[in-house]
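Below: the structure, in structure tokens.
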Amino acid sequence: MSILTWTWILTGLSFALYIYIAYAARAKTTGDFYAAEQSVPPILNGMATGADWMSAASFISMAGLISFMGRDGSFYLMGWTGGYVLLAMLFGPYLRKYGKFTIPQFMADRYYSNSIRVLSLLCAIFVSFTYVAGQMRGVGVVFSRFMGLSINMGVIVGMALVFFYATLGGMKGITYTQVAQYCVLITAYMVPAIFISMQFTGNPIPQLGFGSKITAEGAALLNHPGLQGHYLLDVLNGIQKDLGFAAYTSGVRPRIDVWFITMSLMIGTAGLPHILIRFFTVPKMRDARSSAGYALIFIALLYTTAPAIAVFARTNFIKSINNVEYTKAPSWFKNWEKTGLVKFVDKNNDGIMKIAKGMWDDPKSANEVKIDQDIMVLANPEIAKLPNWVVGLIGAGGLAAALSTAAGLLLVISAAISHDLMKGILTPDMSEKAELWWARGAAGLAVCIAGLFGIYPPGFVAQVVAFAFGLAAASFFPCILMGIFNKKANKEGALVGMAVGIVFVAAYISYFKFVNPAFNNKDHWWFGISPEGIGTVGAALNFICMWVVGKFTPEPPQEIQDLVGSLRYPGKLVVPPSAGH
Amino acid sequence: MSIHATKELQAYWKENVIIIAIHLAIWFFVSFFCGIMFVDQLDGYMIGGFPVGFWFANQGSIITFVILIWTYVYTMNNLDKKYDVHEG
């Protein structure tokens, strides 16, 4: 069967499964809709968190990005996993003890202020929309590349599916679909990686394979029998240097910047509402701890495989393209040329493909080959001559990654509107049934807006991803942390801290991304910290403001301090009368 | 469940904070220290085909994160029992 047939079959089967699960797990109460009635077993919550977390970008683009960046790419790997250590120890168990449905609600109750609630819900909506725009686009892109639909048609199909299970099932439906989506995406990611690792190094574990020696079969695959018995990383370092690049295992980015970006991604992860709310869904405090542990195992499986794929793919790509006559180019190169992800421009008219430093469309550079980062994952199975069903799996996996993340984000937006804005502030005496309808309506509306972002992608989407992490790091992370670990943290401090953090980060990123993009380089950054890493500074400012303002303003009321005290250990929650909703 | 003994619970919380501090020190060490600040020095050593610093940045730190969460889960479950606040 052809790749196209396999893709349709596998994607069709996975969609049927998602719809079945969503129908079987549909929500009946607001408790179901927002927190799956706090009945999700920790291991399943771990899988759902993994699917929630790993987006279209993690699945399709990350390995390719890293393959171009070498060791510098490690800030993605460490930054997007290290946050789970913080979640398990600093946030998860205590938020579970609190047990209410949204992050803005926690902020409002802990800091006894509706202004904090409004600020938090705006922040949550902004961060989630920033993120979801890329997911819907990702759905469209996968459909168009693997199944020949137009991108817009793909976005609409994805919208219809998410609309169905997010409005019907709420958190409960989303959680169990995400479990299925995790299984699909991790299979799709691991199977080609295992095959390729076997081919190159004889080691079925990719994590070990990319530090092993090349076998006879691998050397034959690379068309260089002499490479047999050499360490793969040594070979890649050699190739890189021959072409004028830095050695793959070395870094060129200033270390201070790598440090700040990693920290910003870690604390940003721990401050993202769609991840935080997952801890509300488990039965007990101890389950919150172990579900973070399961989540990180499931995430680490992909995140430790990605750098291996990066190394295999880069070595393979360069060896099978560089200095090869275009007429003898491998069939996958011709196939993917149609999508525009790879391209050959014969600058010196010798008919031979040459890879070098610089851009393929820059006449001054000797580089003649365009390589889009996404090709490393998308075309990898074909490059390694794997069977067609493996190639078909990649499409289903990419869709699972994009849809699961989109659904989690849409739920945050829906809950912020129905639970925090409507029920919490505008119409507190609304019935549960009415609130559920608001939640469904808001989810539906959010899906439509996200779909529009997918069909008409604002040019700045790629630019503002730094925003999502930076804002989460500078706003939610410090306030939730202090809210749990410092009984004396008060309303005034939190308001000032959050405002200062948000304004600082937004101003810094806007300046370098929109106002003066020509200055966006390390000579003009403060202390060499790029906009991607500035969330760390914003968080530090938030902490300082909370502490200083807190010193000069009244302590929180006694019942709030008691509430904080009771968050810290299992048992009955002490709810102050004013915070009862 | 004996929630009344406030002194006991304060001791529980204090032990928890110390356990967290130890875990986060290791978290910081493997990622920010081994994976970023001293990565070049560590790259002078090899494990198999991996330079050590590169390995920490690409694999070692992530594997350590997983282990850290699970030792924390294990330690805290025991602490819950020690202070008799474990949940059913």
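Respectively, the protein sequence lines represent chains A and B.
Sequential numbering from 894 applies to the first sequence in our numbering.
Sequential numbering from 660 applies to the second sequence in our numbering.
Backbone N, C-alpha and C fix where the C-beta goes; we use that ideal spot for every residue, glycine too.
By the DSSP assignment, the beta strand (DSSP E) with K1263/A in it spans what residues?
Here residue 1263/A corresponds to residue number 370 of the first sequence, with the count starting at 1. Run containing K1263/A: 1262–1264, per the beta strand (DSSP E) assignment.
Quick one: which chain B residues come within Cβ less than 8 Å of Y977/A?
Numbered from 1 along the first sequence, position 84 holds the residue referred to as residue 977/A. Under the 8 Å cutoff, chain B gives F724, I728.
Please state whether DSSP places E674/B in a helix, a strand or coil.
In the second sequence, residue 674/B corresponds to position 15, counting from 1. Reduced to three states, the DSSP call for E674/B is helix.
Neighbouring residues, chain B, relative to I1190/A (Cβ below 7 Å):
Numbered from 1 along the first sequence, position 297 holds the residue referred to as residue 1190/A. By Cβ distance, chain B contributes V725.
Give the single residue among L1292/A, A1308/A, Q1451/A, A1309/A whose Cα lies nearest to the Cα of Q1055/A.
Within the first sequence, residue 1055/A is the residue found at index 162, counting from 1. Residue 1055/A is actually Val in this sequence, not Gln. Measuring from the Cα of V1055/A, the nearest candidate turns out to be L1292/A.
Nearest-angstrom Cα separation, counted from V744/B out to G1337/A:
One-based indexing of the first sequence puts residue 1337/A at position 444. One-based indexing of the second sequence puts residue 744/B at position 85. Their backbone Cα atoms lie some 42 Å apart in a straight line.
Sheet register partners of M1246/A (DSSP bridge):
Counting from one through the first sequence, the residue named residue 1246/A turns up at place 353. According to DSSP, which records beta bridges pairwise, M1246/A is partnered with V1217/A.
Nearest-angstrom beta carbon gap, R1179/A and N623/B [assumed within contact, 8 Å]
Past the edges of chain B, shown from 660 to 747, lies residue 623/B, and the structure says nothing about it.
For chain A, find out if any of its Cβ atoms is closer than 8 Å to the Cβ of E746/B; answer yes or no.
Residue 746/B sits at position 87 when you count from the first residue of the second sequence. Answer yes: the Cβ-Cβ gap between E746/B and chain A drops below 8 Å somewhere.
Which full runs of the beta strand (DSSP E) of 3+ residues lie inside the stretch 1316–1382 of chain A, going along the chain?
none
Cβ separation of V698/B and Y704/B, assumed to be a contact under 8 Å, to the nearest whole Å
In the second sequence, the residue the question calls residue 698/B occupies position 39. In the second sequence, the residue the question calls residue 704/B occupies position 45. So it is not a contact: roughly 12 Å between Cβ atoms.
Show which residues of chain A have a CB atom less than 9 Å away from the CB atom of I681/B.
Reading the second sequence from its first residue, position 22 is the one you call residue 681/B. Result: empty, since nearest Cβ-Cβ is about 10 Å, beyond 9 Å.
With distances taken Cα to Cα, identify the nearest neighbour of M1246/A among P1256/A, M1046/A, I1214/A, K1231/A.
What you label residue 1246/A is simply residue 353 of the first sequence in a count that begins at 1. Looking at the Cα atoms, I1214/A is the closest of the given residues.
Selected residue, minimal CA-CA separation from M947/A, among Q1092/A, N1414/A, G1031/A, Q1454/A:
What you label residue 947/A is simply residue 54 of the first sequence in a count that begins at 1. The shortest C-alpha separation from M947/A is found at G1031/A.
Assign N1383/A to one of two classes, buried (16 or more other C-beta atoms within 10 Å of its C-beta) or exposed (fewer than that).
Locating residue 1383/A in the first sequence gives position 490, where the first residue counts as 1. When all chains shown are included, N1383/A counts as buried.
Within chain B, the residues that V1151/A reaches when beta carbons sit closer than 8 Å:
Along the first sequence, read from residue 1 onward, the residue named residue 1151/A stands at position 258. Correct list: I695.
In angstroms, rounded to a whole number, what distance separates the CA positions of F999/A and L1061/A?
Along the first sequence, read from residue 1 onward, the residue named residue 999/A stands at position 106. Along the first sequence, read from residue 1 onward, the residue named residue 1061/A stands at position 168. Cα to Cα, F999/A sits roughly 25 Å from L1061/A.
Assuming V1396/A is part of the beta strand (DSSP E), what are its boundary residues?
Position 503 of the first sequence, counting from 1, holds the residue named residue 1396/A. V1396/A -> not in any beta strand (DSSP E); alpha helix (DSSP H) instead, spanning 1384–1403.
Are there 16 or more other CB atoms within 10 angstroms of the CB of N1409/A, so buried, or fewer, so exposed?
Start at 1 with the first residue of the first sequence, and residue 1409/A comes out as number 516. Exposed, since its Cβ has fewer than 16 Cβ neighbours within 10 Å.
To the nearest whole angstrom, what separates the beta carbons of I1377/A and V1441/A, a pair I think is in contact under 8 Å?
Walking along the first sequence from the start, residue 1377/A turns up at place 484. Walking along the first sequence from the start, residue 1441/A turns up at place 548. So it is not a contact: roughly 20 Å between Cβ atoms.
Boundaries (first-last residue) of the beta strand (DSSP E) holding V1235/A
One-based indexing of the first sequence puts residue 1235/A at position 342. Residues 1235–1237.
Enumerated in chain order, which unbroken segments of the alpha helix (DSSP H) with a length of 4 residues or greater are wholly contained in the stretch 702–731 of chain B?
711–714
With 8 Å as the threshold, decide whether the Cβ of M1091/A is near any Cβ in chain B.
Numbered from 1 along the first sequence, position 198 holds the residue referred to as residue 1091/A. Not an interface residue.
Tell me, please, whether the CB atom of K1177/A is closer than 8 Å to any CB atom in chain B?
Taking the first sequence and counting its residues from 1, one reaches residue 1177/A at position 284. Output row for K1177/A: interface = yes.
Quick check on the burial criterion: 16 or more other C-beta atoms within 10 angstroms. Buried or exposed for V676/B?
Reading the second sequence from its first residue, position 17 is the one you call residue 676/B. Exposed is the call here.
Contact with chain B by L903/A, beta-carbon distance below 8 Å:
As a working note, residue 903/A is residue 10 in the first sequence. No, its Cβ sits nowhere closer than 8 Å to a Cβ of chain B.
K666/B, DSSP secondary structure in three states
In the second sequence, residue 666/B corresponds to position 7, counting from 1. If DSSP states are grouped into helix, strand and coil, K666/B belongs with the helices.
Please state whether DSSP places K1106/A in a helix, a strand or coil.
Along the first sequence, one-based indexing puts residue 1106/A at 213. Note: K1106/A maps to strand in three-state DSSP.
Terminal residues of the continuous alpha helix (DSSP H) containing R989/A?
Along the first sequence, read from residue 1 onward, the residue named residue 989/A stands at position 96. First-last of the alpha helix (DSSP H) with R989/A: 985–991.
Interface residues of chain B around Q1100/A at Cβ under 8 Å?
Mapped onto the first sequence, residue 1100/A falls at position 207. Simply Q718.
Assign T665/B to buried or exposed, taking buried as 16 or more other Cβ atoms, counted over all protein chains shown, within 10 Å of its Cβ.
Counted from its first residue, the second sequence places residue 665/B at position 6. That one is exposed.
Are the stretch 1311–1325 of chain A and the stretch 1180–1193 of chain A touching by the rule of at least three beta carbon pairs closer than 8 Å?
no
The stretch 1068–1083 of chain A contacting the stretch 941–959 of chain A, beta-carbon criterion three pairs below 8 Å:
yes
Could you spell out where the alpha helix (DSSP H) holding T1142/A opens and where it closes?
As a first step, residue 1142/A is located in the first sequence; it is residue number 249 there, counting from the start. It is not in any alpha helix (DSSP H) - T1142/A carries neither H nor E in the DSSP assignment.
Which first and last residues belong to the alpha helix (DSSP H) in which G1285/A is found?
Reading the first sequence from its first residue, position 392 is the one you call residue 1285/A. Element bounds for G1285/A: 1281–1308.
Relative to the C-alpha of G815/B, which candidate in T904/A, K1263/A, G1122/A, V1340/A has its C-alpha closest?
As shown, chain B starts at 660 and ends at 747. That puts residue 815/B outside it, with no answer to give.
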